[in-house]
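For reference, the structure discussed in these notes is given below.
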Amino acid sequence: MIDVTSPVTGKAIGLAAVPDPVFSGSMVGPGTAIDPGRGATEAVSPVEGIVVSLHPHAFVVVDEGGHGVLTHLGIDTVQLKGQGFELLVSKGDTVRRGQPLVRWDPAAVEAGGKSPICPVVALDAMPEALSDLVESGDVRVGDSLFGWV
């Protein structure tokens, strides 16, 4: 089992509360979501692995067992065209858990009319493959969000 940890500090709200039907309906996979604290910060890798997809607003890290974890920084933030986001790694990089991958400002995202809520999703997983799913309460960077068998 792998432990998927929080890429940001904030409040866990669960995927059902995400204001986007693709995430709230678990269409890309099960997981949870974090309403991040406001202010400039860095989103970190939730697992150790390889960055297989990297955009200013989202990234996927795949661990050695083939588990892909998507972190999406805000909702509809692709429409910001990278403004307010700074990439700190490159696609193909091997990263460690907790390594900063993107610098961003959730308050600026919100000021731009977008939700800063961050889904953290186990790609292509079945819901029963996750354990100890955190869907409420305060979380800090590095806190466990769920286990994945």
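Note that UniProt numbering numbers the sequence shown so that position 143 is 143, with each residue one more than the last.
C-beta: ideal position from N, C-alpha, C; glycine also.
In this text, all values refer to a predicted model and were calculated from it rather than measured experimentally.
Enumerate, from N- to C-terminal direction, the unbroken beta strand (DSSP E) stretches of 3 or more residues contained entirely within the region 72–141. 85–87, 100–104, 118–122 and 137–139
Identify whether Gly-47 lies in helix, strand or coil by the three-state DSSP scheme. A small correction: the amino acid at residue 47 is Val; Gly does not occupy that position in the sequence shown. Of the three classes helix, strand and coil, the one that applies to Val-47 here is coil, per DSSP.
Tell me Gly-147's beta-bridge partners as DSSP assigns them. Asp-3 and Ser-131
Pop quiz: Cys-118 and Ile-34 are said to be a contact at Cβ under 8 Å. What is the actual Cβ separation, rounded to whole angstroms? 5 Å
Quick one: is Phe-59 near chain B, going by C-beta distance under 8 Å? Annotation note: the requested chain B is absent from the structure, which comprises a single protein chain.
DSSP three-state label for Ala-17, please. helix
Between Ser-90 and the ligand ATP, is there a pair consisting of the residue's CB and a ligand heavy atom that are separated by less than 7 Å? Looking at this structure, you won't find the ligand ATP or any other ligand, since it has none at all.
Unbroken beta strand (DSSP E) run spanning Val-8, endpoints: Neither: Val-8 is in no beta strand (DSSP E) and is coded neither H nor E.
Distance, Pro-116 Cα to Ser-136 Cα: 17 Å
Under DSSP, the beta strand (DSSP E) around Pro-36 begins and ends at which residues? 31–36
Should the region 77–84 be called in touch with the region 130–144, which here means at least 3 C-beta pairs below 8 Å? no
Should Leu-88 and Leu-73 be called a contact, given that it needs their Cβ atoms to be closer than 8 Å? no
If you follow the beta strand (DSSP E) that Ala-58 is in, where does it begin and where does it stop? 58–62
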